[in-house]
Amino acid sequence: MGSGEEQLVEAVKELRHGRTELLDSLLALHARTATGDGALLSSPRSSGPHGAAGDSAEAWADRTIRCIFDMVGAGRGVEAHMVATAAVTAFCELDDDDQQSRILAAAAVTGLGVGELNHAFDLAVRSMVLLWGGLLSPDAAASTANSLGTFFDRLGAWDLAIDQFETALSTLDPTTHTGALRAELTIVNLVMCLHEVISDGRALPEADRVAHVDRLHQLATQLRGHGPSSTVWYGSLLADASLALVEERFTDAALAAELLGAVRDSMVVREELAWRLAGAAAMLGAQRLSDADHWATAALRLAELGDEFRVPDVLRRRAAIRWALGDQSAAFSDSMAAVEAMAATRSDRIIGLAAGLAHRARLELVRRELSDVSASLAITAARDPLTGLANRRGLDEVISLLAQSQQRASMLVVDIDHFKLVNDTYGHDAGDEVIKACAELLRQAIGPAGLIVRLGGDEFVVVLPDGKAQPHRIGETVCEGVRGYGWHTIAEGLRVTVSVGAAVGAARDLRELMARADGALYDAKRAGRNAVVSVDRRQEPRGDDVYEHLAITRLDR
């Protein structure tokens, strides 16, 4: 075993023991294998926030991310993931959201490469939460969005990738040298994604297709304004090839694809794969069917070696080429292989899961903000002294917090049935104990998923920022929990039930949502109390919002 391999084995052993110092040895190993020298790239922990040689955490993160993506581009995915994992651990020790978000996004990409999907998804969500928190510097936001775009691109979730790359491009300052270089890379990433969406072969709404083609024209024009480099050359020719394919200028597309071969040596795997697929499509359109098969086969080899999520798509495209060649047997074989590859990689399901990541990230961001609000309530006048819950002032803070949200939310209004009778029969001390017990039952039913507010008297409000929550089911749980509680421990013969009104709608309209939930509560009382009534806000084709009853549950006494 060579010295480099021995170092990697030792690094893995150290990684299992959670030692972040291994990052230094991994980076040094990369420096030796990539550049031939033994220069050590210091970690932020070993060199301090500004490094022994004046390095900042940002400069250290720059080198680490460059190292990670160099390894990914060279097909050294396992090493890249080892470096990324160690970097995540190291940066967790620093109070630096900018660099944490960048490293988390890069580690999400490497996690995909080694098949650690759940871990990769979690890293991506953590990175998006930091990105959307609005506290990152422009450079860090652009770097994070670029890596997240690569993450979604690797999954084949191109619409999500395009959103991230557009975010990065809008955040960059192209007037600086570094900003201009990053802008070139981001534009090329956008070109690749738009090319994939346009040439995917699946149904695309005409309006989306026109918008994507227009954007591709804009990016091609922007690239022509940048200085000569292999990155600009690649992006320009790929854009030309893609536009020629859209416009059915197949000879021009084939020429652009062939010219791209001049910068093949500078391509990373995903760039070469996009080039090969563009060439295959161009050759097919130009009726150079044997050449098309050759290009598609080369693309398949690349996908099998470095991008397994793309294998089903490449096989489908080669099947179409082989059908055009008249080789139905080979076309059928490729089609069956595509189905098997999709099952093996779960690519269709994974793309669906990827689409849910943005929702998870936004929900986590709102939960963090709600948690911050809850923490602040503990030291302000916004907390109810009897139950420890937020009071009306706390609810006002949450309404203000969610005023700009684009998410859906749920709200429950909970009222203790015949509470005045409880006070009159058993006394106000017993009434206070009932209030406190109901508050605790609400905490148990809601958990950390929402904010519970005591409005006063016997009325409670619950705010659930997750638009996918099931408020009616939660309301039933609350009713059943209250009904089954041991009320005799407070007073002999005491029985307590609650009525619940629930509503779902836009988080930015919480006051209106509460009014709808309050109306549902009165419907529950009219239904005989000890009941749950839910309403949901639905959008009509003409643009008006209407509310309709979803469910009414009357619990047995």
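Numbering (this note's numbering), first residue to last: 310 to 866. By construction, the Cβ of each residue, glycine as well, lies at the ideal position given by its N, Cα and C atoms. As the structure is a prediction and not an experimental result, all values here were calculated from the model.
| Asked | Found |
| --- | --- |
| Neighbourhood of Y735 by C-beta distance below 7 Å, restricted to the same chain and skipping five residues each side | A800 and L803 |
| Cβ neighbour criterion (16 or more within 10 Å) applied to M645 | exposed |
| Close-in-space but distant-in-sequence residues of the same chain around C502 (CB under 7 Å, 5 per side omitted) | D462, W467, A470, I471 and F474 |
| Cβ-based burial, C795 [other Cβ within 10 Å; buried from 16] | For the sequence presented, residue 795 should be read as Gly rather than Cys. Per the 10 Å Cβ criterion, exposed. |
| Beta-carbon spacing of V506, H521 below 8 Å | yes |
| Alpha-carbon spacing of N839 relative to C401, whole angstroms | 48 Å |
| Closest Cα partner of T786 within the set A812, P774 and I755 | I755 |
| First and last residue of the uninterrupted beta strand (DSSP E) at G424 | Segment: none, G424 is in no beta strand (DSSP E) and carries neither H nor E. |
| Exposure label - A712; buried when at least 16 CB within 10 Å | exposed |
| Of the residues N427, R524, A739 and T398, the one placed nearest F728, counting alpha carbons only | A739 |
| DSSP three-state assignment for S763, whether helix, strand or coil | Contrary to the premise, residue 763 reads as Arg rather than Ser in this sequence. Strand. |
| Completely contained alpha helix (DSSP H) runs for the segment 428-469, where each covers 4 or more residues | 447-464 |
| Among I783, F641, V770 and S638, the one whose alpha carbon lies nearest that of D693 | V770 |
| Cβ shell of A393 (< 6 Å), same chain only, five flanking positions each side left out | I377, A415, A416 and T419 |
| Check whether I708 and V807 have beta carbons under 8 Å apart | no |
| Reduced DSSP secondary structure (H/G/I, E/B, other) of E768 | strand |
| Distance between D561 and T570 (C-alpha atoms, nearest Å) | The question names Thr, yet the displayed sequence has Gly at residue 570. Taking the straight line joining both Cα atoms gives about 15 Å. |
| Outcome for R825 when other beta-carbon atoms lying within 10 angstroms are tallied against a minimum of 16 | buried |
| Length of the line joining the Cα atoms of R763 and I374 | 48 Å |
| Residue nearest to D775 in terms of C-alpha spacing, selected from L730, P757 and R835 | P757 |
| Proximity of L695 and D741 at Cβ, strictly below 8 Å | yes |
| Sequence-distant residues of its chain with Cβ nearer than 7 Å to A451 (five each side left out) | A477, T480, L481 and R491 |
| D738 (DSSP reduced to helix, strand or coil) | helix |
| Cutoff 7 Å; reference V555; Cβ partners in own chain excluding five residues on either side | I507 and V522 |
| Assigned exposure category for Q531 - 16 Cβ within 10 Å defines buried | buried |
| R270 burial status per 10 Å Cβ neighbour count (16 or more: buried) | With the chain covering 310 to 866 only, the question about residue 270 has no answer from this structure. |
| Close-in-space but distant-in-sequence residues of the same chain around A639 (CB under 6 Å, 5 per side omitted) | R631 |
| Reference K745; option with closest CA among E581, G544, V791 and L552 | V791 |
| Rounded straight-line distance, which links the Cα of V841 to that of M437 | 36 Å |
| Proximity to H912 [Cα-Cα], best of E567, T487, A583 and D602 | For the chain, the structure presents residues 310 to 866; residue 912 sits outside this window and is missing. |
| Complete runs of the alpha helix (DSSP H) confined to the segment 515-595 [at least 4 residues] | 515-533, 539-555, 559-569 and 578-594 |
| CA-to-CA distance, R518 to L773, given in whole angstroms | 37 Å |
| Enclosing alpha helix (DSSP H) for D827 [first to last residue] | L819 to R835 |
| For L586 and V623, the rounded distance between their alpha carbons | 8 Å |
| Assigned secondary structure, T484 (DSSP; H/G/I helix, E/B strand, else coil) | coil |
| Boundaries (first-last residue) of the beta strand (DSSP E) holding G810 | V807 to A815 |
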